[in-house]
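Here is the structure we will look at.
Number of protein chains: 2
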Amino acid sequence: MSALSLPEVSRRPLPAELLAALQTRFGAQFVTSHAQRLAHGRDESAYPDTLPDGVVYATTGKEVVDLVKLCADFAYPLVAWGAGTSLEGHLLPIAGGITLDLSQLNQILAIHPEDMTATVQAGVTREALNAALAHTGLFFPIDPGANATLGGMASTRASGTNAVRYGTMRDNVVNVTAVLANGEVVQTGQRARKSSAGYDLTRLLVGAEGTLGIITELTVKLYPQPEAISAAVVRFPSVSAAIATVIQTIQLGVPVARCELLDQLTIEAVNAHSQTTLEPAPTLFLEFHGSPAGVAEQVAQVQAVAQEAGGADFQWATRPEDRSKLWKARHHAYFACLQLRPGARAITTDVCVPISRLGECIEATLADVGPSGLMAPILGHVGDGNFHMLMLVDPAQPAEYSLAEAISARLVERALALEGTCTGEHGVGLHKMPYLEAEVGSAGLAAMRAIKHALDPKNILNPGKIVSWA
Amino acid sequence: MSALSLPEVSRRPLPAELLAALQTRFGAQFVTSHAQRLAHGRDESAYPDTLPDGVVYATTGKEVVDLVKLCADFAYPLVAWGAGTSLEGHLLPIAGGITLDLSQLNQILAIHPEDMTATVQAGVTREALNAALAHTGLFFPIDPGANATLGGMASTRASGTNAVRYGTMRDNVVNVTAVLANGEVVQTGQRARKSSAGYDLTRLLVGAEGTLGIITELTVKLYPQPEAISAAVVRFPSVSAAIATVIQTIQLGVPVARCELLDQLTIEAVNAHSQTTLEPAPTLFLEFHGSPAGVAEQVAQVQAVAQEAGGADFQWATRPEDRSKLWKARHHAYFACLQLRPGARAITTDVCVPISRLGECIEATLADVGPSGLMAPILGHVGDGNFHMLMLVDPAQPAEYSLAEAISARLVERALALEGTCTGEHGVGLHKMPYLEAEVGSAGLAAMRAIKHALDPKNILNPGKIVSWA
């Protein structure tokens with residue numbers, strides 16, 4: 001039993017002629033086994049399995065071009081796939097189609113230490129990139145949690161824990177190379193760190209979830225590995241007191257690198273899971289990057305601000321082993337939360353609001369969840385105003401899914417009413433499509449649809465995602 | 001005599017029926033006097049005067065909607081105008097048309113100190129915004145030199161001296177409200193600091209130079225006014241030595257706020273103009289923002305790096321009056337350079353390359369200019385890899401214009417060959433159109449054209465800019 005129903009889209013069968021052409025062109029790289037199709041027929045969302053008719057494993061950009069051209073010839077859907085970690089049904093071939101697995105397009109093409117950029121193929125994961133950078137003194141900061149591919153992270157405009165300091169994929173992609181729906185290859189920009197040269201095709205493809213082009217390569221910004229890192233954990237009497245601390249920290253210009261809120265229930269989950277003994281209360285996890293003196297100054301500033309807001313039990317650590325112990329609770333929070341209700345499945349939400357509205361948004365959401373009896377820990381990247389709720393539902397109880405969906409819908413509506421967005425970092429996929437018009441208006445939705453029609457006139461690239469065709 | 005010839009585009013006369021409709025709808029806000037048309041028939045480029053058929057001064061968003069709808073009814077061109085400070089011919093109504101002057105759309109709509117955002121009408125200038133922010137503890141950092149309007153700065157994806165730390169308009173526009181070519185109004189996003197909600201319409205309109213929509217309002221990011229500011233000037237034996245210092249400074253993670261290079265000729269110009277006694281040599285002007293201790297640390301780090309690269313005569317200042325004295329040379333550089341050759345007109349270039357290629361690009365450009373005998377001081381935002389050359393030509397000598405244009409063309413080709421862009425911050429306008437295909441390829445140009453066709457099917461919004469229609 002799955003939580004969510006798929007939109008009603010007619011599914012095109014794979015034309016026999018295209019099947020033959022795929023077999024001829026891709027040989028063993030084209031697979032149609034049920035196991036492979038199933039492995040590419042689900043992501044981390046709660047939608048039912050939706051299998052592609054076949055999977056092509058590309059190893060070169062040329063293969064991607066050839067595949068797109070074949071699909072274009074038959075006006076047949078094509079879904080690009082990185083690590084399969086997206087959360088909103090982005091990857092499900094609801095109209096039928098071939099899934100293009102890019103995970104073997106995994107070469108690091110160039111590292112330019114002086115320019116602090118790396119150019120990689122789309123299937124390189126963030127961990128693989130950071131492993132390759134280990135000895136350069138540089139690193140790639142964006143960390144959405146999962147070891148996603150950089151192509152996938154670009155396509156969903158991913159961010160994560162340290163976006164508060166380093167920005168999101170929107171800010172950190174210098175250019176992409178993408179195969180458009182007509183099989184043409186575009187490199188959207190050069191390697192300069194800024195440009196005013198025409199429409200921002202880079203930013204158009206970042207976040208387009210594979211609906212406007214298939215990213216095969218990208219250049220990303222790198223940052224100096226911080227000379228010093230310090231971590232801190234501090235507990236608050238209320239969510240609002242924690243948020244007040246975050247707001248003031250940012251207003252003081254403290255360049256905090258991570259700034260995570262775990263609500264009381266999440267802390268309880270963590271204590272049970274990780275044998276920690278944190279007081280069950282809203283708690284901020286912080287990380288500071290800089291020079292040793294700079295980091296010490298940041299910590300002192302935040303400590304003063306936190307104390308004023310009622311923060312207590314301020315623990316901090318600079319040694320790597322102490323830091324990782326301190327952050328263990330945050331890193332294991334997802335699994336810890338799942339353990340709150342063994343056998344449960346987590347429905348993960350994602351909204352982002354102006355930080356001045358964040359306390360109000362979280363408090364109202366907790367009040368909304370309360371009467372439902374649903375366990376729903378909240379944690380988030382509060383420096384950005386972004387947070388998630390994990391609603392723990394029993395997969396055998398359809399009513400719980402409906403309950404969770406209703407709470408989630410109200411949360412999105414609440415976020416929009418507070419000048420926020422229906423998704424801070426997960427993307428639209430299938431699940432957030434109903435909210436996009438409320439967010440960008442009918443004119444905004446029409447503009448997005450016009451762009452889709454212009455760049456993918458046959459509707460072959462991940463059809464039925466972000467905006468409906470008509 | 002003007003330097004540059006306009007592209008051959010047939011100019012549509014103003015239909016009598018539209019003229020009547022404009023008079024009816026806009027009364028005294030619609031002007032057709034030669035003086036007003038002339039004032040809106042030139043920007044800071046070297047193109048010949050190109051007058052609109054009339055000027056509408058809008059004071060409300062509704063008026064913009066009505067004007068766009070009228071122009072759409074007659075498929076008649078419309079050019080949005082902010083402060084008229086663009087440099088590449090962006091504002092010239094080459095196909096005829098009405099110019100929409102947005103300078104009276106100048107209300108600051110909201111300042112949200114906790115969220116560090118301001119929402120303004122498009123005609124608000126950056127200086128007006130900063131004046132309004134003076135007592136909030138916040139400021140808007142982007143400074144392209146001219147006191148441009150924020151709508152204009154967004155439309156050209158402007159940046160300037162402190163983009164190295166604070167980013168460009170691309171990074172600092174949270175959302176825009178724009179009137180599309182069909183008269184529909186789109187607000188491209190909410191006020192959350194990040195979003196993954198569909199195609200990035202904000203970034204599509206930022207840098208679109210009024211060709212896809214007319215920005216009437218925008219929300220921008222603000223930053224804490226730095227607690228401490230320090231400025232420094234340091235001289236180098238060569239451009240490359242100065243660049244090496246910049247590269248290492250950035251690799252160390254020093255969050256330098258401004259980082260400007262003035263070449264030897266610029267320093268000579270400044271000495272003559274501002275009665276300074278700087279040694280004539282490539283010189284870096286730096287500014288540091290932070291806490292007092294943080295700024296002191298930054299200065300010490302950069303001083304050490306600069307000395308290693310042969311930097312000499314390191315002067316620094318923290319008191320406002322000393323800082324402004326130190327920066328005087330940079331602030332007056334443009335006028336100082338013009339004085340190198342009284343009566344001359346400056347043709348200003350703008351390229352941006354990866355910083356590792358910057359020394360090579362500047363040295364090769366100096367070598368290229370040398371034999372021409374043209375005076376052409378170079379200065380730039382070198383922390384970003386962005387620089388300008390002011391070629392001083394005698395307006396009475398067409399041959400000098402041709403010479404300058406040829407040097408400028410070679411500079412752009414050089415920048416592109418070095419993985420750079422044809423424009424780092426000025427935009428495409430008319431002048432950089434010939435280079436766009438070399439930069440983004442035929443597929444990239446075709447994609448831009450497809451977007452233009454999709455969003456402005458009658459080609460009424462600033463037609464003939466960025467990409468040609470066919």
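Quick mapping for you: the protein sequence lines, in order, are chains A and B.
Under full-length UniProt numbering, residues 1 to 470 are what the first sequence spells out, in order.
Under full-length UniProt numbering, residues 1 to 470 are what the second sequence spells out, in order.
Just so you know, even glycine gets a beta-carbon here, dropped at the ideal spot from N, CA and C.
Query	Result
If the cut is a Cβ gap below 9 Å, which residues of chain A does methionine 448/B touch?	Gly198, Tyr199, Leu201
Going residue by residue through the stretch 182-254 of chain A, where are the continuous alpha helix (DSSP H) segments of at least 4 residues, counting only ones entirely within it?	201-205, 239-251
So if DSSP puts cysteine 352/B in a beta bridge, which residue, or which two residues, is it bridged to?	Asn386/B, Thr421/B
How close, in whole Å, do the beta carbons of proline 463/B and proline 77/B come, if the pair is a contact with beta carbons under 8 Å?	5 Å
Which of the three DSSP states is assigned to leucine 261/A in this structure?	strand
Tell me which residues share the same chain as leucine 265/A and place their Cβ nearer than 6 Å to its Cβ, disregarding the 5 neighbours each side in the sequence.	Pro377
Got a sec: is the Cβ-Cβ distance from histidine 332/B to anything in chain A below 8 Å?	no
Would you say aspartate 456/A reaches chain B, if we count a Cβ-Cβ gap shorter than 8 Å as a contact?	no
Report buried or exposed for leucine 455/A, applying the criterion of at least 16 other Cβ atoms within 10 angstroms of its Cβ.	buried
Work out the CA separation of glutamate 63/B and glycine 96/B for me, nearest whole Å.	21 Å
Alpha carbons only, please: which of Asp53/A, Leu284/A, Asp43/A is nearest the one belonging to alanine 16/A?	Asp53/A
Going by CA-CA distance only, name the one from Val428/B, Ser468/B, Pro354/B that's closest to alanine 417/B.	Pro354/B
Could you check where the alpha helix (DSSP H) with glutamate 437/A kicks off and where it finishes?	433-455
Would you tell me roughly how many angstroms separate the C-alpha atoms of histidine 381/B and threonine 245/A, rounded to the nearest one?	35 Å
Can you say whether leucine 109/B is buried or exposed, counting buried as having 16 or more other CB atoms within 10 angstroms of its CB?	exposed
Can you check which of these residues, Val124/B, His112/B, Thr149/B, is closest to threonine 136/B by C-alpha distance?	His112/B
Quick check: the stretch 191-207 of chain A against the stretch 252-261 of chain A, are there 3 or more CB pairs under 8 Å?	no
How about arginine 414/A and serine 196/B: are their beta carbons less than 8 Å apart?	no
Between threonine 423/A and chain B, is the shortest Cβ-Cβ distance under 8 Å, so that the two count as touching?	yes
When Cβ atoms are compared, which residues of the stretch 97-121 of chain B fall closer than 8 Å to chain A?	His112, Pro113, Glu114, Asp115, Met116, Thr117
Per the DSSP calculation, asparagine 175/A is bridged to which residue(s)?	Thr219/A
Please report the Cβ distance between valine 467/A and leucine 436/A, rounded to the nearest whole angstrom; I am assuming they are in contact, meaning their Cβ atoms lie under 8 Å.	7 Å
Do you know whose CA, among Val120/A, Thr365/A, Phe139/A, Val174/A, lies nearest threonine 149/A's CA?	Val120/A
Please check the pair alanine 364/A and glutamate 287/A, which I expect to be a contact at CB under 8 Å, by giving their CB distance rounded to whole angstroms.	About 28 Å; that fails the 8 Å criterion.
So, helix, strand or coil for histidine 381/B, using DSSP?	strand
Could you tell me which of Lys194/B, Asn147/B, Leu278/B sits nearest to valine 173/B, measuring between CA atoms?	Lys194/B
Roughly how many whole angstroms lie between the Cα atoms of valine 220/B and serine 159/B?	13 Å
For arginine 345/B, write down the residues that DSSP places opposite it in a beta bridge.	Val393/B
Starting from threonine 156/A, trace the alpha helix (DSSP H) both ways and give me its first and last residue.	No alpha helix (DSSP H) holds threonine 156/A; DSSP gives it neither H nor E.
So if I threshold CB-CB distances at 8 Å, which residues from the stretch 142-172 of chain A count as touching chain B?	Thr156, Arg157, Ala158, Ser159, Ala163, Gly167, Thr168, Arg170, Asp171
With a cut-off of 8 Å, does the C-beta of lysine 194/A fall near any C-beta of chain B?	yes
Compare the C-beta of asparagine 386/B with all C-beta atoms of chain A and state if any pair is closer than 8 Å.	yes
If you draw a straight line from the alpha carbon of glycine 210/B to that of arginine 319/A, how long is it in whole angstroms?	52 Å
Run through chain A and tell me which residues come within less than 9 Å of glutamate 287/B, C-beta to C-beta.	In chain order: nothing, as chain A lies at least about 15 Å away.
Measure the CB-CB distance between alanine 178/B and isoleucine 142/B and report whether it falls below 8 Å.	no
Keeping to the same chain, check which residues put their C-beta closer than 8 Å to that of phenylalanine 335/A; ignore five residues upstream and five downstream.	His273
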